[in-house]
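> Residue numbers for the sequence shown follow full-length UniProt numbering, so the first one is 1 and each next one is one higher.
Here a beta-carbon is modelled for each residue, glycine too, at the ideal position from N, C-alpha and C.
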Amino acid sequence: MVAGAGMFTDTGQIGPKDRNSQMLEWPRSDGDASNRPVGVSFTKNADSQGNVNYYRFVRDTEEASVAWRKEIGTYLAEEMGLPKGKVYWMKGWPEGYAFFDHQKGQLPNPRHDLYLCGSTVAARFRSKNEFKPHAKWLMTDPTLNTRNCGCKYCTKTKSQVEVNQTQGLRGLQRPPEHHLRGTDPTPGENMTHARRRVVREENQAKQEKLKPPKAEQILTALPERLRDLNSGRAFRTSELVWVTLVNSIPVAANGSPEIEFWPAIVLTYSTKNEPTPHKPGETDYEVVAHFTFNIRLLGVNHQVTVPGDRLLPQLGYNPSQPLLDAVKECQPSRPVSLEFSEYTYFNPLPEFDGVLGLPPGSSTHADALPAFTLALHVVACLTPAWSATNSYSSDSKNVHDELFQGLWWGAERIWLDDVVRLRPSREELDPENMMDLLPPSSPDATNRALFLRLTYIVEDRSDPTDKSICVGGDLYELARGGTQPPRPAPKSIFGPPTGLLVPPSDPVYTPMESSPSSGINARAGPSLAESSIMMPPAPPGFTFRRLLAPGNEMALDVGAIAGRYYPKILQEETLDRVIRTLDEEKGVKAGETIAGTVDGYARGKIRRSRLSPQAFDAAKDALTYLTTLMGLCMGEGNKMKPEQWVKGRLHAIKSAEAEAKQNLFDLWTMPEGSSDVEMLDS
Numbered sequence: 001m002v003a004g005a006g007m008f009t010d011t012g013q014i015g016p017k018d019r020n021s022q023m024l025e026w027p028r029s030d031g032d033a034s035n036r037p038v039g040v041s042f043t044k045n046a047d048s049q050g051n052v053n054y055y056r057f058v059r060d061t062e063e064a065s066v067a068w069r070k071e072i073g074t075y076l077a078e079e080m081g082l083p084k085g086k087v088y089w090m091k092g093w094p095e096g097y098a099f100f101d102h103q104k105g106q107l108p109n110p111r112h113d114l115y116l117c118g119s120t121v122a123a124r125f126r127s128k129n130e131f132k133p134h135a136k137w138l139m140t141d142p143t144l145n146t147r148n149c150g151c152k153y154c155t156k157t158k159s160q161v162e163v164n165q166t167q168g169l170r171g172l173q174r175p176p177e178h179h180l181r182g183t184d185p186t187p188g189e190n191m192t193h194a195r196r197r198v199v200r201e202e203n204q205a206k207q208e209k210l211k212p213p214k215a216e217q218i219l220t221a222l223p224e225r226l227r228d229l230n231s232g233r234a235f236r237t238s239e240l241v242w243v244t245l246v247n248s249i250p251v252a253a254n255g256s257p258e259i260e261f262w263p264a265i266v267l268t269y270s271t272k273n274e275p276t277p278h279k280p281g282e283t284d285y286e287v288v289a290h291f292t293f294n295i296r297l298l299g300v301n302h303q304v305t306v307p308g309d310r311l312l313p314q315l316g317y318n319p320s321q322p323l324l325d326a327v328k329e330c331q332p333s334r335p336v337s338l339e340f341s342e343y344t345y346f347n348p349l350p351e352f353d354g355v356l357g358l359p360p361g362s363s364t365h366a367d368a369l370p371a372f373t374l375a376l377h378v379v380a381c382l383t384p385a386w387s388a389t390n391s392y393s394s395d396s397k398n399v400h401d402e403l404f405q406g407l408w409w410g411a412e413r414i415w416l417d418d419v420v421r422l423r424p425s426r427e428e429l430d431p432e433n434m435m436d437l438l439p440p441s442s443p444d445a446t447n448r449a450l451f452l453r454l455t456y457i458v459e460d461r462s463d464p465t466d467k468s469i470c471v472g473g474d475l476y477e478l479a480r481g482g483t484q485p486p487r488p489a490p491k492s493i494f495g496p497p498t499g500l501l502v503p504p505s506d507p508v509y510t511p512m513e514s515s516p517s518s519g520i521n522a523r524a525g526p527s528l529a530e531s532s533i534m535m536p537p538a539p540p541g542f543t544f545r546r547l548l549a550p551g552n553e554m555a556l557d558v559g560a561i562a563g564r565y566y567p568k569i570l571q572e573e574t575l576d577r578v579i580r581t582l583d584e585e586k587g588v589k590a591g592e593t594i595a596g597t598v599d600g601y602a603r604g605k606i607r608r609s610r611l612s613p614q615a616f617d618a619a620k621d622a623l624t625y626l627t628t629l630m631g632l633c634m635g636e637g638n639k640m641k642p643e644q645w646v647k648g649r650l651h652a653i654k655s656a657e658a659e660a661k662q663n664l665f666d667l668w669t670m671p672e673g674s675s676d677v678e679m680l681d682s
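(1) Assuming K136 and L76 make a contact with CB atoms under 8 Å, what is their CB distance in whole Å?
(2) Curious, which full-length alpha helix (DSSP H) runs of at least 4 residues does the stretch 529-559 contain?
(3) Is it buried or exposed, residue 685, if we count other Cβ atoms within 10 angstroms and call 16 or more buried?
(4) Could you pull the DSSP bridge partners for R564 from this structure?
(5) What three-state label does DSSP hand P613 in the structure shown?
(6) Within the continuous beta strand (DSSP E) that includes K104, where are the two ends?
(7) Which residue from K70, F100, E63 and M23 puts its Cα closest to that of S41?
(8) Let me know the secondary structure DSSP gives E78 once reduced to three states.
(9) Look up K272 in the DSSP assignment and give the residues it is bridged to.
(10) Spatial neighbours of I14 within its chain, please: C-beta separation below 6 Å, excluding the five flanking residues on both sides.
(11) Rounded to whole angstroms, what's the CA-CA distance from R28 to A602? Just pull it up for me.
(12) Rounded to whole angstroms, what's the CA-CA distance from K152 to D30? Just pull it up for me.
(13) Do you know how far the Cα of K661 is from the Cα of E339?
(14) Please work out which residues of its chain come closer than 8 Å, Cβ to Cβ, to Q167, disregarding the five sequence neighbours upstream and downstream, and give them in chain order.
(15) When DSSP labels each residue in this structure, what does L312 get in the three-state scheme?
(16) Tell me whether K605 is buried or exposed, calling it buried when 16 or more other Cβ atoms sit within 10 Å of its Cβ.
(17) Comparing the C-beta of G551 with each C-beta of chain B, is any distance below 9 Å?
(18) Check whether the Cβ atoms of C470 and V558 sit closer than 9 Å, and answer yes or no.
(19) Evaluate G316 with the Cβ neighbour count: other Cβ atoms within 10 Å of its Cβ, from every protein chain shown; 16 or more gives buried, anything less gives exposed.
(20) Which value, in whole angstroms, describes the spacing of the CA atoms of D600 and R607?
(21) Using only the alpha-carbon positions, how far apart do V87 and M23 sit?
(22) With burial defined as no fewer than 16 other Cβ atoms inside 10 Å of the residue's Cβ, what is the status of G105: buried or exposed?
(23) Check whether the stretch 292-312 touches the stretch 344-354, counting contact only when three or more Cβ pairs, one atom from each stretch, lie closer than 8 Å.
(24) R487: buried (16+ other C-beta within 10 angstroms of its C-beta) or exposed?
(25) Any chance you could list the beta strand (DSSP E) runs of at least 3 consecutive residues sitting entirely within the stretch 587-670, in chain order?
(26) Check whether the Cβ atoms of V458 and F404 lie closer than 9 Å to each other.
(27) Report the option in K654, E239, L116 and W415 whose CA atom is closest to the CA atom of P223.
(28) Going by the CB atoms, is the gap between A560 and A385 shorter than 9 Å?
(29) How should M670 be labelled, buried or exposed, when 16 other C-beta atoms within 10 angstroms of its C-beta is the threshold for buried?
(30) What first and last residue would you give for the alpha helix (DSSP H) that runs through M139?
(31) To the nearest angstrom, report how far apart Q103 and F544 are at their CA atoms.
(32) What does a CB cutoff of less than 6 Å around R69 pick up in its chain, not counting 5 residues either side in sequence?
(33) Using only CA atoms, which one of K128, A619, D284 and Y97 lies nearest to T25?
(34) Between which two residues does the alpha helix (DSSP H) carrying H377 extend?
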C-alpha cells in the first residue's frame with residue numbers, strides 16, 4: 001500500500017483518540033519472526049544520487065499503524081457481530097508480526113509502501129484488504145486451519161479484486177484493465193503503471209501456457225488427509241478408540257474389577273463453535289471449536305455422538321490384568337448365536353438410552369461382561385491389521401518406487417506429514433553414531449520417545465517375496481524448554497547402521513523442515529505447500545528438537561512406528577498433576593474430577609494412587625499409558641504391533657468382527673478352547 005509521509009507522524013498513543021474506542025486483542029497467531037523480510041536493508045543509506053531502498057520498522061504509535069489497526073478492528077467487529085456504537089481497534093499485531101515502511105526512491109520524497117510481515121503463509125500483506133480476511137481467521141478459528149481462511153494467500157487467489165468481491169470488502173471490485181480506455185495503447189502513448197502490469201500479466205500467462213505442468217501440480221494431496229492434518233482433531237474416521245463410561249461397570253460381586261472404557265469405531269465427526277463464558281456486551285472472549293464424534297460401540301448395536309474429551313486412542317488404555325482375567329473366565333449369560341444378536345441391546349452408555357429408544361428390560365447387568373468380551377475380541381482381531389493406502393508413482397525419471405500418502409497402522413490412521421512416535425531408542429537407531437545425531441539435550445531426554453515426521457512412505461522391493469514398507473523423514477526429540485547444545489561439525493557420512501533401518505535407494509533425501517513452506521522431493525509426495533501443514537505443538541515445557549543435519553533423513557522399516565503423537569490428550573493442568581504423581585511427589589491433589597472424560601479418568605487414578613502401594617502401581621501403569629501418547633515415555637512400552645496386511649479399512653473392520661464372533665462362539669461352545677484376548681495382556 002502506497003502511503004504519504006504524513007502517515008508516519010507519532011500520535012503519542014497506540015490507539016485512536018476516539019472516546020468510545022474499544023481495544024481488541026489477538027487470541028492467537030500464525031506469526032513467526034523468522035518470516036520477516038530477509039536479504040533487505042534496514043538502514044537508511046542513500047547512494048551518490050540520493051536514492052534509498054530500505055525497510056523501516058513502524059511503531060504502534062505512528063499514524064499508519066493506528067489507522068491500519070483501527071480499520072481492521074472495525075471490520076472484525078462487524079464480522080463478529082460485536083455491539084455497534086464503538087470504535088474498535090486492535091492491540092498491536094499478532095505475535096511474530098511486524099509492520100514496515102518500505103522506502104524506495106530519491107530523497108527527500110521516496111516512495112512509501114506499507115507491508116505487514118511475519119505470517120507463515122504469506123511473505124507480506126500489502127494492504128488492509130489483503131489482511132482483513134486473514135485477521136478474521138486468526139480471531140475466529142482456534143484450529144488455525146488455513147482452509148477456513150478467505151485471504152488471498154490461503155485461498156491462493158491471484159487477484160485481490162476477486163477476494164474483495166467474495167468477501168464483500170470495500171475497494172476495487174473490477175480488475176484494473178476495466179478502467180483503461182482500450183486494450184491497446186494509441187501510438188506514442190505512454191503506458192501507465194496499471195497498463196504495464198496488465199501487459200506483464202498477459203505475457204506471463206502466455207508463457208505459462210507453454211510450460212509443462214510441474215510435478216507438484218500433478219500430485220495433489222487428498223482432501224481427507226489435509227482435513228485430518230490441518231484440523232488438529234485427535235481422532236480420525238474409522239479409527240479404533242476407547243470411550244469413557246460415566247459410570248464404571250463392576251464385573252464382580254465385590255465391585256472390582258470395573259469396565260471403565262468401551263471400544264468403538266469413529267464413524268464421522270463435526271465441529272461446533274462456541275464462545276467462552278462472558279457477560280452480554282463483553283468483547284473479551286474467544287470462539288472455541290469443539291469436536292464431536294459419532295461412534296459405533298463394538299460388541300453391541302449402538303451409535304452415539306460424544307464430545308472429543310470422552311475419547312481415548314486405542315493405545316491410551318489397557319484393561320487391567322484382573323479385568324482381563326475376568327474376560328477369559330467369562331461365560332455367556334444367555335444362549336448365543338453366531339451373530340451374537342442376544343447382546344446387541346446392551347448399552348454401556350445408559351445416558352443415551354432415551355436417544356437410542358431402548359425398551360426397558362431389553363438387557364441386564366449380567367450382559368455387560370459377555371458383551372465386553374466380544375468387543376475385546378474384535379479389538380484383538382483388528383489391531384494386527386495394517387496397509388499402505390493412496391498409492392502414486394514418483395515423477396522422477398530415476399525413481400520407480402510405489403509411494404503412498406497414508407497408512408492404516410493397527411487402530412490408527414497415519415498420513416504423510418504426521419508426527420509419529422518411534423519404538424527404538426537412540427542407541428538402537430544409531431549405536432555407533434554413524435548418522436551424526438545431535439547429543440541428547442539433557443540426561444533425561446533418552447527416557448523420552450523419538451519422533452519421525454513422515455516425508456515419504458515407499459514400498460521396499462528388496463525382498464520380492466514380502467510386502468515391506470519403508471518410511472522416512474526428519475528425526476526429533478523432546479527437549480526441555482529451549483535447551484539446544486551446539487551441533488558438532490557435520491560429517492558427510494549417512495547410512496543406516498541397524499536392522500531397523502532400511503538403506504535408501506538414493507544417496508541423499510531432501511529433509512522436511514518444520515516450517516510449512518518447506519519444499520519436498522518426489523519421494524515426499526503431494527506438495528506440503530498446498531496445505532500449510534505446521535508441526536504440532538510440543539507438550540507443555542518442551543520443544544521439538546531436530547537431531548539430523550540438514551540434507552539427511554532417517555529411513556526406517558515401517559515396524560519402527562509405535563503410533564501417532566497426541567499432543568493434547570490431557571489438559572495442561574491435568575498433565576502436570578499426572579507427571580508429578582509419576583515422579584512420586586507427595587501430596588499431589590487430584591482436583592475436580594468430571595466423570596466420563598479422559599481428564600476425569602486420569603484424576604481418578606491420581607486419587608486412587610494414594611490408597612496403597614499396590615494402588616499406586618496400578619495407577620502408575622494407567623497414567624504411563626497416557627503420557628506415552630505424548631512421547632514423554634519411550635515408545636517401545638506403548639506401541640502398535642500390526643502383522644497382517646489387510647487391504648481396505650472397512651474390509652478390515654468387517655473381517656475382524658466376523659473373526660471375533662467366530663472365535664468367541666467356538667470358545668463358548670467348546671469351553672476347552674483358547675481365547676484370542678490373550679493378545680491384550682500386558
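A quick look at the data gives this:
(1) Your numbering for residue 136 matches position 136 in the sequence shown. Your numbering for residue 76 matches position 76 in the sequence shown. About 6 Å; that satisfies the 8 Å criterion.
(2) none
(3) This structure cannot settle anything about residue 685, because the visible part of the chain is limited to 1 through 682.
(4) For the purposes of this step, residue 564 is taken as residue 564 along the sequence shown, with counting starting at 1. Answer is V420, bridged to R564.
(5) The residue labelled residue 613 in the question sits at position 613 within the sequence shown. DSSP places P613 in helix when its eight states are reduced to three.
(6) Reading the sequence shown from its first residue, position 104 is the one you call residue 104. It spans A98 to Q106 - the beta strand (DSSP E) in which K104 sits, taken as one unbroken run.
(7) As a working note, residue 41 is residue 41 in the sequence shown. The shortest Cα separation from S41 among K70, F100, E63 and M23 belongs to F100.
(8) Start at 1 with the first residue of the sequence shown, and residue 78 comes out as number 78. Correct three-state label for E78: helix.
(9) In the sequence shown, counting from the first residue as 1, residue 272 sits at position 272. Bridge partners of K272: H290.
(10) Counting from 1 along the sequence shown, the entry for residue 14 is found at position 14. Hits under 6 Å: D60 and T61.
(11) Position 28 of the sequence shown, counted from the first residue, corresponds to residue 28. Position 602 of the sequence shown, counted from the first residue, corresponds to residue 602. Using only the alpha carbons, I get a separation of about 28 Å.
(12) Sequence index remark: in the sequence shown, residue 152 carries index 152 (1-based). Sequence index remark: in the sequence shown, residue 30 carries index 30 (1-based). For K152 and D30, the distance between alpha carbons rounds to 16 Å.
(13) The residue labelled residue 339 in the question sits at position 339 within the sequence shown. The residue labelled residue 661 in the question sits at position 661 within the sequence shown. Answer to the nearest angstrom: the Cα atoms are 7 Å apart.
(14) Position 167 of the sequence shown, counted from the first residue, corresponds to residue 167. Result list for Q167: K132, P133 and G150, in chain order.
(15) As a first step, residue 312 is located in the sequence shown; it is residue number 312 there, counting from the start. The answer is strand: DSSP assigns L312 an E or B state.
(16) The sequence position of residue 605 within the sequence shown is 605, counting from 1. Flag for K605 reads buried.
(17) In the displayed structure, chain B is absent; only one protein chain is listed.
(18) If you number the sequence shown from 1, residue 470 lands on position 470. If you number the sequence shown from 1, residue 558 lands on position 558. When the beta-carbon positions are compared, C470 and V558 come within less than 9 Å of each other.
(19) For the purposes of this step, residue 316 is taken as residue 316 along the sequence shown, with counting starting at 1. Buried, since its Cβ has 16 or more Cβ neighbours within 10 Å.
(20) For the purposes of this step, residue 600 is taken as the residue at position 600 of the sequence shown. For the purposes of this step, residue 607 is taken as the residue at position 607 of the sequence shown. Here residue 600 turns out to be Gly, not Asp, going by the sequence shown. Near 10 Å, if we compare the C-alpha coordinates of R607 and G600.
(21) Here residue 87 corresponds to residue number 87 of the sequence shown, with the count starting at 1. Here residue 23 corresponds to residue number 23 of the sequence shown, with the count starting at 1. Taking the straight line joining both Cα atoms gives about 8 Å.
(22) In the sequence shown, residue 105 corresponds to position 105, counting from 1. Exposed is the call here.
(23) yes
(24) For the purposes of this step, residue 487 is taken as the residue at position 487 of the sequence shown. Low confidence applies to R487: its pLDDT is 44, below 50, so where it sits in the model is not reliable enough to give any reading.
(25) none
(26) Reading the sequence shown from its first residue, position 458 is the one you call residue 458. Reading the sequence shown from its first residue, position 404 is the one you call residue 404. Contact: yes.
(27) Position 223 of the sequence shown holds residue 223. In terms of Cα proximity to P223, the closest of K654, E239, L116 and W415 is W415.
(28) One-based indexing of the sequence shown puts residue 385 at position 385. One-based indexing of the sequence shown puts residue 560 at position 560. No, these two residues do not count as a Cβ contact at 9 Å.
(29) Within the sequence shown, residue 670 is the residue found at index 670, counting from 1. Exposed.
(30) Here residue 139 corresponds to residue number 139 of the sequence shown, with the count starting at 1. Residues K128 to T140.
(31) Residue 103 sits at position 103 when you count from the first residue of the sequence shown. Residue 544 sits at position 544 when you count from the first residue of the sequence shown. When rounded, the distance between both Cα atoms is 38 Å.
(32) As a position in the sequence shown, residue 69 is number 69, starting the count at 1. Counting only Cβ-Cβ distances below 6 Å, and skipping sequence neighbours, we find W89 and M90.
(33) On the sequence shown, position 25 is the one that residue 25 refers to. Rather than Thr, the amino acid found at residue 25 in this sequence is Glu. Checking every option, the nearest Cα to that of E25 belongs to D284.
(34) Taking the first residue of the sequence shown as position 1, residue 377 is located at position 377. Element bounds for H377: A368 to L382.
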